[in-house]
Amino acid sequence: MKKTILTLIVCLLAAIPAAAQNRIDRLVEKYSTVGSSQFTSVVKRNPQTRQVEKVVKVLKINQGKVKELREAFMEESSTGTFREKKEDGQTTLLLTVETPQAVRIYMLEYGSHPGLTQTKTTIIVKMTSQKE
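Residue numbering for the sequence shown follows the numbering used here, beginning at 66 and increasing consecutively.
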């Protein structure tokens, strides 16, 4: 019984970083199809193995949407290393989540008038090397 409970706790703890990526990734996916947005995705592969080494996604939204993205960042701030920086009317939220498979960096940037300025969300996923 104790072993089962321990296994369940370990599985739940392992899922916490995935929740951060899933919530923010879902919002980026949702807003990437909105007419007033620009979405770019770049994948870097190892030329010999063709395995993915790095993925960079950038979403720019011209109007609003800051509130929902900011809420997602704030809710997920405890799942990794979180920093918030305000400088020259620009706010930057940075969340870094490390797992054995990858390091995921989430960044949200917006101006002092979130409903009027462009919002930029960047997601960088760097795969950790798999030793054979």
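Even glycine gets a Cβ: it sits at the ideal position worked out from N, Cα and C.
Legend entry - Cut-off 6 angstroms between Cβ atoms - residues of its own chain near Met172, not counting five sequence neighbours on either side: As a working mapping, residue 172 is identified with position 107 in the sequence shown. Once the five neighbours on either side are set aside, the close Cβ partners of Met172 are Leu159 and Thr187.
Inset, instruction - Determine the burial state of Thr184: buried for a count of at least 16 other Cβ atoms within 10 Å of its Cβ, exposed for fewer. - result: If you number the sequence shown from 1, residue 184 lands on position 119. Label assigned to Thr184: buried.
Legend entry - Helix, strand or coil at Arg88 [DSSP, three-state]: Start at 1 with the first residue of the sequence shown, and residue 88 comes out as number 23. Of the three classes helix, strand and coil, the one that applies to Arg88 here is helix, per DSSP.
Legend entry - Selection from Leu92, Asp153, Lys191 and Thr114 that minimises the alpha carbon distance to Lys132: For the purposes of this step, residue 132 is taken as the residue at position 67 of the sequence shown. For the residues Leu92, Asp153, Lys191 and Thr114, the minimum Cα distance to Lys132 belongs to Leu92.
Legend entry - Rounded separation between Asn87 and Lys109 - CA only: Locating residue 87 in the sequence shown gives position 22, counting from the first residue. Locating residue 109 in the sequence shown gives position 44, counting from the first residue. C-alpha separation (whole angstroms): 21 angstroms.
Inset, instruction - Go ahead and pull the three-state DSSP assignment for Val99. - result: Taking the first residue of the sequence shown as 1, we reach residue 99 at position 34. Three-state result, Val99: coil.
Legend entry - Lys151 burial status per 10 Å Cβ neighbour count (16 or more: buried): Within the sequence shown, the letter at position 86 stands for residue 151. Answer is exposed; the Cβ neighbour count stays below 16.
Inset, instruction - For the beta strand (DSSP E) holding Arg169, just list the boundary residues, first then last. - result: Against the sequence shown, residue 169 aligns to sequence position 104. Run containing Arg169: Ala167 to Gly176, per the beta strand (DSSP E) assignment.
Inset, instruction - Using alpha carbons as the reference points, say which of Thr156, Gly176, Thr193 and Ser101 lies closest to Arg169. - result: In the sequence shown, counting from the first residue as 1, residue 169 sits at position 104. Comparing Cα positions, the closest option is Thr193.
Legend entry - Coarse secondary structure for Thr144, derived from DSSP in three states: Walking along the sequence shown from the start, residue 144 turns up at place 79. Here Thr144 sits in helix by DSSP.
Inset, instruction - Compute the Euclidean distance between the alpha carbons of Gln166 and Arg115, then round it to the nearest angstrom. - result: On the sequence shown, position 101 is the one that residue 166 refers to. On the sequence shown, position 50 is the one that residue 115 refers to. Each residue's Cα considered, the two are about 17 angstroms apart.
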